[in-house]
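In this note's numbering, the protein residues as written are 971 to 1307.
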C-alpha cells in the first residue's frame, strides 16, 4: 500500500489538533480544579452536580436565615431581661422601702413614685425594641410599635387594645388571640402544610413572641390587672395618694411580684429556643460539609493527577511539533544557496 505525502500530512494535522485539544483540556482542568467545565463533557456528572448545587444553596439560605433569627432572639432576650431587671428593682428596692416605717413620709413616697414612673416608661421602650426595621414584640405585625402608654401612665394598649380588658369581653378574646400568634420560618426541617393549608408546627420554627404574652393582660378574679406595666402605674398612684393605704399598696406589691414570674418564663422559653437554634445550626453545618464533599467527588479533581496529566500532554505536544519537522519533504529551496 502506497502512503502519499498528502495522506501523512493530513494524518499529522489531525493528530496534532487532537494533541492541542488534550493539552487545552488538561490545562483548563488544572486552572479550574474541575473535572468537567461543560455539560457535554460529562452529562451524568453534570446532572448530579446540579442537584448537589441546589441542595448546597438551600443549606446556605437556611444558615443565613438561622443567623438572622439568632440575632433577633438575642434582641428579644436582651429587652425582656431589661424589663425583668426593672421589675426586680421595683419589687426588691422601692416597694420594700416604701412600706418601711421610717420611709413612710409623703416626700419619700413621691420620690419612689417618680422613680417607678420612669421605670414604667422604660419598660414600654424596651418592649418596643426593634431589630433592623422590625418590632421584636409585635407578633405578626412587626412594622408598627406594639405598645403605647398614655401620658398619665394609667392605660397601656397593645396593637390598639387596652391590655387591662376584663375577662369575657371581646377585647380580652382579641388579646388572647394576639398572644398566641405564630410566625413560622423554614430552617430546613421540611416545611409542610396540613389539610387546612396551615403550617405544621413541627416542620418550621416559630419566631413570634407577642409582648402581651410576656408581660400579661386582662384582670384576675379580684379585678386586679395582670399586666406588670399597668400595675407599675397603679403603684405610682398609690404612692402619690394623699392618704397612703399601706394594705392596698401591699396587695399591689404582692401581685406585682407574682407577675414577674411570667417575664422570667418568657426568658426561659427564649433560652430553650436558642438551644434548639444552636443544635439546628450544627446540623446544617454538618450537612454543608457533607454536600461540599459530595460536590468535590462529582466535579472536583485530584490535583496531583491533573498536573501529571497536563505535563504529559505538554510533553506529547512538544514531541508532535518535533515529529512535524521530520515528515516534511525537503524542497528545491532547501538546496539553494
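Glycine included, each C-beta is placed from N, C-alpha and C at the ideal position. Everything numeric in this text was worked out from a predicted model, so none of it was measured.
DSSP bridge partner residues for residue i (one or two, in chain order)
i            : result
residue 1030 : According to DSSP, which records beta bridges pairwise, residue 1030 is partnered with nothing at all.
residue 1270 : 1004
residue 1189 : 1195
residue 1163 : 1169
residue 1100 : 1105
CA-to-CA distance, residue j to residue i, given in whole angstroms
i            : j            : result
residue 1114 : residue 996  : 60 Å
residue 1132 : residue 1100 : 22 Å
residue 1094 : residue 1209 : 21 Å
residue 1014 : residue 1023 : 14 Å
residue 1163 : residue 1157 : 15 Å
residue 1257 : residue 1246 : 17 Å
residue 1005 : residue 1027 : 21 Å
residue 1253 : residue 1179 : 25 Å
residue 1085 : residue 1079 : 10 Å
residue 1284 : residue 1032 : 45 Å
residue 1096 : residue 1251 : 28 Å
residue 1098 : residue 1128 : 10 Å
residue 1050 : residue 1075 : 33 Å
residue 1244 : residue 1048 : 13 Å
residue 979  : residue 1290 : 12 Å
residue 1367 : residue 1053 : Shown here, the chain extends from 971 to 1307; a query on residue 1367 therefore has no answer.
residue 1265 : residue 1279 : 22 Å
residue 1151 : residue 1174 : 14 Å
residue 1198 : residue 1146 : 17 Å
residue 1025 : residue 1261 : 8 Å
residue 1153 : residue 1040 : 15 Å
residue 1010 : residue 994  : 16 Å
residue 985  : residue 1016 : 28 Å
residue 1055 : residue 1193 : 26 Å
residue 1081 : residue 1117 : 26 Å
residue 1110 : residue 1104 : 10 Å
residue 1108 : residue 1184 : 12 Å
residue 1191 : residue 1034 : 47 Å
residue 976  : residue 982  : 10 Å
residue 1159 : residue 1137 : 38 Å
residue 1135 : residue 1102 : 32 Å
residue 992  : residue 1037 : 46 Å
residue 1057 : residue 1140 : 29 Å
residue 1030 : residue 1106 : 25 Å
residue 1149 : residue 1012 : 56 Å
residue 1189 : residue 1161 : 38 Å
Residue i - containing alpha helix (DSSP H), residue span
i            : result
residue 1171 : From DSSP, residue 1171 is part of no alpha helix (DSSP H); its letter is neither H nor E.
residue 1081 : 1076-1097
Within-9 Å CB hit, residue i to chain B
i            : result
residue 1195 : Absent from the structure is chain B; it holds one protein chain and no more.
message = Can you confirm whether the region 1227-1245 touches the region 1046-1064 when touching is taken to mean that 3 or more C-beta pairs between the two stretches lie within less than 8 Å?
response = Here the region 1046-1064 makes contact with the region 1227-1245; the two share three or more CB pairs at distances below 8 Å.
query = Are three or more beta carbon pairs between the region 993-1008 and the region 1268-1280 nearer than 8 Å?
reply = The region 993-1008 is in contact with the region 1268-1280.
message = Quick check for students: name the residue ranges of the beta strand (DSSP E) that lie wholly in the region 1102-1161, counting only runs of 3 or more.
response = For the region 1102-1161, whole beta strand (DSSP E) runs of length 3 or above, ordered along the chain, are 1117-1119 and 1126-1128.
query = Counting pairs of beta carbons, one from the region 1235-1254 and one from the region 1043-1056, are three or more of them closer than 8 Å?
reply = The region 1235-1254 is in contact with the region 1043-1056.
message = Using 8 Å as the cut-off, can you tell me whether the region 1161-1176 makes contact with the region 1112-1127, which would need three or more C-beta pairs spanning the two stretches below that distance?
response = By the criterion of at least three beta-carbon pairs nearer than 8 Å, the region 1161-1176 is not in contact with the region 1112-1127.
ask   = Is the region 1199-1208 in contact with the region 1018-1033, if contact means three or more CB pairs nearer than 8 Å?
value = Of all C-beta pairs linking the region 1199-1208 to the region 1018-1033, fewer than three are shorter than 8 Å, placing the two stretches out of contact.
message = Can you confirm whether the region 1211-1222 touches the region 1257-1269 when touching is taken to mean that 3 or more C-beta pairs between the two stretches lie within less than 8 Å?
response = Contact between the region 1257-1269 and the region 1211-1222 is absent, because fewer than three Cβ pairs lie under 8 Å.
Segments of 3+ residues assigned as beta strand (DSSP E) that fall wholly inside the region 1223-1294 = Here no run is fully enclosed.
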